[in-house]
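In this text, residue positions in the sequence shown follow full-length UniProt numbering: the first is 1, and each later residue adds one.
We put the CB at the ideal spot given by N, CA and C, even for glycine.
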Amino acid sequence: MLIQFPKDIRIYIACGHTDMRKQIDGLAAMVQTNFHLDPFQRALFLFCGRKRDRMKALYWEGDGFLLLYKRLESGSYRWPRTSEDVREITSQQYRWLLEGLSIDQKKAIKKVKNKRIV
1 MLIQFPKDIR IYIACGHTDM RKQIDGLAAM VQTNFHLDPF QRALFLFCGR
51 KRDRMKALYW EGDGFLLLYK RLESGSYRWP RTSEDVREIT SQQYRWLLEG
101 LSIDQKKAIK KVKNKRIV
């Protein structure tokens with residue numbers, strides 16, 4: 001799913017597995033009720049099945065929802081299986097995920113925020 005989305009888009013990943021039989025209405029309801037987020041915001045919501053070889057993405061385009069589905073022919077996604085329900089990720093983490101890498105790279109240089117000198 002290397003589709004170009006707007007630069008200012010927020011990306012949310014549903015940790016754990018999702019029932020891949022859910023379609024637009026079911027996934028939008030999950031975003032709203034389970035994650036307490038607005039499915040109509042400028043955001044991409046990512047979901048993965050139990051086998052971790054299929055991914056769905058939900059995106060509101062302003063006039064309707066776009067539902068993207070991808071099935072890997074070999075391999076699997078390194079999907080987080082933590083207890084968190086939903087997690088916001090960066091565009092870099094999104095690229096890592098699509099390349100088969102973990103979104104939590106241990107050797108990646110982390111950005112430093114709010115540091116003071118002296």
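Selection from the options that minimises the alpha carbon distance to residue i
{"i": "tyrosine 69", "options": "Arg78, Asp53, Arg87", "result": "Asp53"}
{"i": "isoleucine 89", "options": "Leu27, Ala28, Leu37, Phe45", "result": "Phe45"}
{"i": "lysine 51", "options": "Trp60, His36, Glu73", "result": "Glu73"}
{"i": "leucine 37", "options": "Glu61, His17, Thr18, Ile11", "result": "Ile11"}
{"i": "lysine 56", "options": "Val112, Asp19, Arg42", "result": "Asp19"}
{"i": "isoleucine 13", "options": "Lys115, Tyr94, Val112, Ser76", "result": "Tyr94"}
7 Å CB neighbourhood of residue i in its chain, flanking five on each side removed
{"i": "glutamate 84", "result": "Cys15"}
{"i": "threonine 82", "result": "Cys15"}
Contact belief for residue i with residue j at Cβ below 8 Å, rounded distance in angstroms
{"i": "arginine 78", "j": "leucine 101", "result": "6 Å"}
{"i": "leucine 67", "j": "proline 39", "result": "Between proline 39 and leucine 67 the Cβ distance is about 11 Å, and since that is not below 8 Å, they are no contact."}
{"i": "phenylalanine 47", "j": "valine 86", "result": "Wrong, their Cβ atoms sit about 10 Å apart, outside the cutoff."}
{"i": "histidine 17", "j": "glycine 49", "result": "6 Å"}
Assigned exposure category for residue i - 16 Cβ within 10 Å defines buried
{"i": "isoleucine 3", "result": "exposed"}
{"i": "valine 31", "result": "buried"}
{"i": "glutamine 105", "result": "exposed"}
Backbone CA spacing between residue i and residue j [nearest angstrom]
{"i": "leucine 27", "j": "lysine 107", "result": "33 Å"}
{"i": "isoleucine 9", "j": "glutamine 41", "result": "9 Å"}
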